[in-house]
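For reference, the structure discussed in these notes is given below.
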Amino acid sequence: MKNCKNAFAAFLCLLLVFAMLPGIGNAADIKLTVPASGVTASADDGNVPANVVDGSLATRWSASGDGQWIQLDLGAAKQVSYIKMAFQSGSTRTFTFDIQTSANGSAFTTAQSGVVSSLNDSLQTFDFPDVSGVRYVRIVGHCNSVSLWNSYTEIEIYGSEPSGVVNVSTSAQLQDAINHASAGTTIVLANGTYTQSSAFVVSGKNGTSGSPITIKAANQGQAIISGGAALQISNSSYVTVEGLKFTNSGKTAVLLDGSNHIRITRNKFALAATGGDLIWLQVSGANSNHNQIDRNDFGNKTDTAPLIAYQGDGNGHISQYDVIEYNYFHDVGPWVDNGKETIRLGLSGISLSDGFNTIQYNLFENTDGEPEIVSVKSSNNTVRYNTFKTSQGGVTSRHGHFNSFYGNFFLGDGTEPKEDGIRIYGNDHKIYNNYMEKLTGKAILLDSGDYDGGSSGHPSNPSSSDLAAQWKIYRAQVVNNTIVDSATGIIVGSGKTYAPQDSRVANNIVRNSGGTLYNEAAATNTVFEGNIGYGSTLNNKSRTSAEIWNTNPLFTTVNGLQKLSSSSPAIDYAKGTYSFVTTDMDGETRSVNDTGADERSSATTFVNHPLTASEVGPGAP
Numbered sequence: 054m055k056n057c058k059n060a061f062a063a064f065l066c067l068l069l070v071f072a073m074l075p076g077i078g079n080a081a082d083i084k085l086t087v088p089a090s091g092v093t094a095s096a097d098d099g100n101v102p103a104n105v106v107d108g109s110l111a112t113r114w115s116a117s118g119d120g121q122w123i124q125l126d127l128g129a130a131k132q133v134s135y136i137k138m139a140f141q142s143g144s145t146r147t148f149t150f151d152i153q154t155s156a157n158g159s160a161f162t163t164a165q166s167g168v169v170s171s172l173n174d175s176l177q178t179f180d181f182p183d184v185s186g187v188r189y190v191r192i193v194g195h196c197n198s199v200s201l202w203n204s205y206t207e208i209e210i211y212g213s214e215p216s217g218v219v220n221v222s223t224s225a226q227l228q229d230a231i232n233h234a235s236a237g238t239t240i241v242l243a244n245g246t247y248t249q250s251s252a253f254v255v256s257g258k259n260g261t262s263g264s265p266i267t268i269k270a271a272n273q274g275q276a277i278i279s280g281g282a283a284l285q286i287s288n289s290s291y292v293t294v295e296g297l298k299f300t301n302s303g304k305t306a307v308l309l310d311g312s313n314h315i316r317i318t319r320n321k322f323a324l325a326a327t328g329g330d331l332i333w334l335q336v337s338g339a340n341s342n343h344n345q346i347d348r349n350d351f352g353n354k355t356d357t358a359p360l361i362a363y364q365g366d367g368n369g370h371i372s373q374y375d376v377i378e379y380n381y382f383h384d385v386g387p388w389v390d391n392g393k394e395t396i397r398l399g400l401s402g403i404s405l406s407d408g409f410n411t412i413q414y415n416l417f418e419n420t421d422g423e424p425e426i427v428s429v430k431s432s433n434n435t436v437r438y439n440t441f442k443t444s445q446g447g448v449t450s451r452h453g454h455f456n457s458f459y460g461n462f463f464l465g466d467g468t469e470p471k472e473d474g475i476r477i478y479g480n481d482h483k484i485y486n487n488y489m490e491k492l493t494g495k496a497i498l499l500d501s502g503d504y505d506g507g508s509s510g511h512p513s514n515p516s517s518s519d520l521a522a523q524w525k526i527y528r529a530q531v532v533n534n535t536i537v538d539s540a541t542g543i544i545v546g547s548g549k550t551y552a553p554q555d556s557r558v559a560n561n562i563v564r565n566s567g568g569t570l571y572n573e574a575a576a577t578n579t580v581f582e583g584n585i586g587y588g589s590t591l592n593n594k595s596r597t598s599a600e601i602w603n604t605n606p607l608f609t610t611v612n613g614l615q616k617l618s619s620s621s622p623a624i625d626y627a628k629g630t631y632s633f634v635t636t637d638m639d640g641e642t643r644s645v646n647d648t649g650a651d652e653r654s655s656a657t658t659f660v661n662h663p664l665t666a667s668e669v670g671p672g673a674p
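Heads up: the sequence shown is residues 54 to 674, going by the working numbering.
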């Protein structure tokens, strides 16, 4: 106060002091909207939770007992400063309660405990230090001064939008908000349909790792991009797109063009069919890297062209270090011979470029588009821990080198045709720890090629037709896989010109009731060791028992899968040294390795397991 020279200045100073006190409401505080559908409670006696936001003191929510609660959902993260409450018979009894806040609806923090109301029927204000990042406010009742009832007539929450939040409800507002966005901006789309003749364009916009630009639905799946609209993100970085629903027609729903650190998460892709070619999500352009496509729902798709396509930068390079995970891909079809991949990771012309991309923890169900559900056409990528269920086609390393395929579950129904596992071409691929059951097509195929790219895999000046060919395999390693009740086992070679060379087939189990379990369809120098086969013709060449042992692996059923029993001869039977096999198909650590994808264990729950629809897509953890 020493700088206050007169009474008026002293008054202004006093106002400033109060404004700076924590928890005191300020001019920016507004009443935050809570719809009736956003109010829930632990119980009620017929006086329902929605009554506390109907604007009437004549209605109420009531529940008897200490600890009964009522919860208000603000729809998105807000800053909460204080609340107002009114109570049933508030002038004759006091109510005791706690005020709690939460960002996610599961972990709550107490903003104020043991609050006691005054004797008054009107709205009463309850102040507390401002809390940021609040979506849920919960009032936990501790009864009243004369009975066990918690009975509230109205609850109002006051606060403000966090800095940088822009709420939009029209297409024009959405594009304008995008145009003016900067690091830390969150654009929240109200429920409704957003459409225009051209794409919504995010161009030259750059967030940061700590302050991304976010475009999100206020309520997941209720902000719909439709008609001729789409979303194009060009020359941008650190942008998150969350919770939208894409139903647009004739345009790629999301195009990532020359952008990096883009996250596409918890969206629903359900594009209208055109009867022609349509890519649903495309990644292309220079300086594309570290993008994440996760927890989305993709389906149904009848149009040709890939659902997700990596197109490269036009100069021979693919996007790098991207992750595609926890997505639900479903209902792709009808079948065509070529051109309807679920994921195409590259093109012939960029197949020799290193992607270092990862496709993991996705569920592919009824993806019956064409022979290649996942078509890898680039190098140094990983496909792991995915589940392929009753889907025609399989995973193919169509082009490129040094790709790894491990820990995947291929679950057929034994009926639908062309349910495949893994097929490869090129150099230095690894296939291990995969589980395949009831497949009607080719389980594992080391195919012969129609072009020899050489031991190095990098011939000088290959032509476009060379790059489009099926390349001879060098040094493939097929290790510790399990194939059961399928039409085929492990096939090495075919009738094409260039048979696989210097490859290894080791420590696998094939237990089928028909076909040739280890089918060498071409003469090769492939090394076999530590394999087990049982139930049908073991091999069409002359292999020793050390190479392929004809013995019953003695499986037992665990969670629907065929795994090693305690008396299985596969326990500790693995041969050779394969340093990359450190865990099994369940994610459990291997010690002295067992043959097959499973390392014997008494456990019944596992980190890695066949995924269900509840574990992927927009509602996934």
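For each residue, glycine too, the CB sits at the ideal point set by N, CA and C.
Residue i versus residue j - alpha carbon distance
{"i": "G672", "j": "L664", "result": "14 Å"}
{"i": "S501", "j": "G613", "result": "34 Å"}
{"i": "S644", "j": "I277", "result": "51 Å"}
{"i": "Y527", "j": "Y414", "result": "28 Å"}
{"i": "R557", "j": "Q530", "result": "5 Å"}
{"i": "T642", "j": "E214", "result": "48 Å"}
{"i": "N197", "j": "P102", "result": "18 Å"}
{"i": "V221", "j": "Y247", "result": "10 Å"}
{"i": "H454", "j": "S431", "result": "7 Å"}
{"i": "Q177", "j": "I83", "result": "16 Å"}
{"i": "S95", "j": "E209", "result": "19 Å"}
{"i": "V755", "j": "N561", "result": "In the structure as shown, the chain starts at 54 and stops at 674, and residue 755 therefore has no counterpart that could be examined."}
{"i": "D647", "j": "P387", "result": "40 Å"}
{"i": "S289", "j": "R191", "result": "39 Å"}
{"i": "N592", "j": "A559", "result": "14 Å"}
{"i": "R316", "j": "A306", "result": "14 Å"}
{"i": "S655", "j": "W333", "result": "43 Å"}
{"i": "L69", "j": "D119", "result": "Since pLDDT at L69 reaches only 37, below the 50 mark, its modelled position is unreliable, and the value read off the structure follows with that caveat. So the two alpha carbons sit approximately 41 Å from each other."}
{"i": "G586", "j": "T597", "result": "12 Å"}
{"i": "T443", "j": "G194", "result": "50 Å"}
{"i": "A426", "j": "Y459", "result": "It should be pointed out that residue 426 corresponds to Ile in this sequence rather than to Ala. Their backbone Cα atoms lie some 16 Å apart in a straight line."}
DSSP state of residue i mapped onto helix, strand, coil
{"i": "I403", "result": "helix"}
{"i": "L331", "result": "coil"}
{"i": "A362", "result": "strand"}
{"i": "N603", "result": "strand"}
{"i": "T309", "result": "For the record, residue 309 in the displayed sequence is Leu; it is not Thr. Strand."}
{"i": "Q228", "result": "helix"}
{"i": "A666", "result": "helix"}
{"i": "P182", "result": "strand"}
{"i": "S96", "result": "First, the amino acid is wrong: residue 96 is Ala here, not Ser. Coil at A96, not helix or strand."}
{"i": "S517", "result": "helix"}
{"i": "S450", "result": "strand"}
{"i": "N104", "result": "helix"}
{"i": "S620", "result": "coil"}
{"i": "F659", "result": "coil"}
{"i": "G167", "result": "strand"}
{"i": "S90", "result": "helix"}
{"i": "T3", "result": "Any answer about residue 3 is impossible in this case: the structure gives the chain only from 54 up to 674."}
{"i": "Q345", "result": "strand"}
Neighbourhood of residue i by C-beta, 6 Å cutoff - its chain only, sequence neighbours within 5 removed
{"i": "S318", "result": "The question names Ser, but residue 318 is Thr in the sequence shown. If we look at T318 and ignore the five residues flanking it on each side, its Cβ neighbours are E295, D347 and R348."}
{"i": "A236", "result": "G260, T261 and S264"}
{"i": "L172", "result": "S144"}
{"i": "V219", "result": "A230 and I240"}
{"i": "T541", "result": "K495, A496 and G568"}
{"i": "L331", "result": "D356 and A358"}
Cβ neighbours of residue i in the same chain (closer than 8 Å, five flanking residues each side left out)
{"i": "R113", "result": "N100, N104, V105, Q141, S204, Y205 and T206"}
{"i": "V168", "result": "T149, F150, D151, I152 and F179"}
{"i": "H370", "result": "A339, I403 and S406"}
{"i": "A576", "result": "G546 and A552"}
**OP:** Taking 8 Å as the threshold, find out whether the segment 146-164 comes into contact with the segment 221-231 through three or more Cβ pairs.
**Re:** no
Original post:
What are the complete beta strand (DSSP E) segments, minimum 3 residues, inside the segment 185-223?
Top reply: 202-213 and 218-221
Original post:
Quick check: the segment 539-546 against the segment 509-525, are there 3 or more CB pairs under 8 Å?
Top reply: no
Subject >> Runs of alpha helix (DSSP H) wholly within the segment 457-533 (minimum 4 residues, chain order) >> reply: 517-521
**OP:** Please specify which runs of the beta strand (DSSP E), each continuous and at least 3 residues long, are wholly inside the segment 241-307, giving them in chain order.
**Re:** Counting whole runs of 3 or more residues, the segment 241-307 contains the beta strand (DSSP E) stretches 245-248, 253-256, 266-270, 276-279, 284-287, 290-295 and 297-299.
Original post:
Touch check for the segment 365-382 and the segment 468-475: three-plus C-beta pairs under 8 Å?
Top reply: no
Original post:
Can you find at least 3 beta carbon pairs, one from the segment 434-452 and one from the segment 478-490, that sit closer than 8 Å?
Top reply: yes
**OP:** Quick one: which unbroken alpha helix (DSSP H) runs of 4-plus residues sit fully inside the segment 377-443? Chain order, please.
**Re:** The DSSP assignment places no complete alpha helix (DSSP H) segment of no fewer than 4 residues inside the segment 377-443.
**OP:** Determine, using beta-carbon pairs with one atom in the segment 374-394 and one in the segment 613-630, whether at least three such pairs fall under 8 Å.
**Re:** Verdict: no, contact absent.
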